[in-house]
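Peer 1:
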Amino acid sequence: LYEYFLSRARKNLHVVLCFSPVGEKFRSRSLKFPGLFSGCTMDWFSRWPKDALIAVAQHFLSSYDIVCTTEVKQEVVQAMGVFQDFVAESCVNYFERYRRTTHVTPKSYLSFIAGYKKMYTEKKSVVQELADRMQMGLDKLLEAGE
139 LYEYFLSRAR KNLHVVLCFS PVGEKFRSRS LKFPGLFSGC TMDWFSRWPK
189 DALIAVAQHF LSSYDIVCTT EVKQEVVQAM GVFQDFVAES CVNYFERYRR
239 TTHVTPKSYL SFIAGYKKMY TEKKSVVQEL ADRMQMGLDK LLEAGE
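Residue numbers for the sequence shown follow my numbering, so the first one is 139 and each next one is one higher.
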């Protein structure tokens with residue numbers, strides 16, 4: 139029974155590994171484990187369409203609090219999709235010109251959105267702090283003028 143199980147497992151077992159081609163880790167792993175990479179099929183996924191990029195940005199920014207109108211927020215979402223699409227196009231142009239590949243992955247797009255949210259939060263707190271200091275200074279001027 140155990141032999142039957144092993145033979146069926148060898149015949150039907152498939153392993154899916156997902157690696158991002160960005161960075162040094164993919165290169166070092168492919169050099170350390172050449173048998174793993176030589177005996178497998180690699181699916182290189184193509185660029186995301188611009189509509190999908192915009193939909194992903196919309197999903198992650200829809201509940202995020204941005205101090206603006208809904209029209210401006212929608213323009214920010216549209217701009218994020220356009221920026222990422224432009225970067226992907228620039229990677230193709232870079233390869234055609236220098237014959238060196240660069241990759242724009244879904245992870246890099248999600249990192250871009252997360253970085254935007256983090257930077258927005260930081261800048262918003264800095265501006266709020268400056269506004270509070272200005273309000274305090276105006277209060278002191280009004281108090282001194284009385």
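In this text, a Cβ means the ideal position worked out from N, Cα and C, and glycines have one as well. Given the structure is predicted, the values throughout are model-derived calculations rather than measurements.
Give me, in chain order, the residues of the same chain whose beta-carbon lies closer than 7 Å to that of V215; leave out the 5 immediate sequence neighbours on both sides.
Peer 2: Within the sequence shown, residue 215 is the residue found at index 77, counting from 1. For V215, where only same-chain residues beyond five positions count, the Cβ hits under 7 Å are I192, A195, Q196, L199.
Peer 1: Which ranges does the alpha helix (DSSP H) cover as unbroken runs of at least 4 residues, wholly within the segment 145 to 208, from first to last along the chain?
Peer 2: Counting whole runs of 4 or more residues, the segment 145 to 208 contains the alpha helix (DSSP H) stretches 162 to 170, 172 to 176, 188 to 199.
Peer 1: In three-state terms, what does DSSP make of V215?
Peer 2: Position 77 of the sequence shown, counted from the start, is the residue given in the question as residue 215. Residue state, collapsed to three classes: helix.
Peer 1: Taking buried to mean at least 16 other C-beta atoms within 10 Å of its own C-beta, is Y236 buried or exposed?
Peer 2: Within the sequence shown, the letter at position 98 stands for residue 236. The residue in question, Y236, is exposed, as its Cβ has fewer than 16 Cβ neighbours within 10 Å.
Peer 1: If you check the beta carbons only, do Q212 and F250 fall under 8 Å apart?
Peer 2: Taking the first residue of the sequence shown as 1, we reach residue 212 at position 74. Taking the first residue of the sequence shown as 1, we reach residue 250 at position 112. Taking 8 Å as the Cβ cut-off, Q212 and F250 do not qualify as a contacting pair.
Peer 1: Let's test the definition: count the other Cβ atoms within 10 Å of the Cβ of M272 and tell me whether it reaches 16, buried, or not, exposed.
Peer 2: The residue labelled residue 272 in the question sits at position 134 within the sequence shown. Flag for M272 reads exposed.
Peer 1: What are the start and end residues of the alpha helix (DSSP H) that includes R271?
Peer 2: Reading the sequence shown from its first residue, position 133 is the one you call residue 271. Here the alpha helix (DSSP H) through R271 covers 244 to 283.
Peer 1: Which class does R238 belong to by DSSP, given the choice of helix, strand or coil?
Peer 2: On the sequence shown, position 100 is the one that residue 238 refers to. Correct three-state label for R238: coil.
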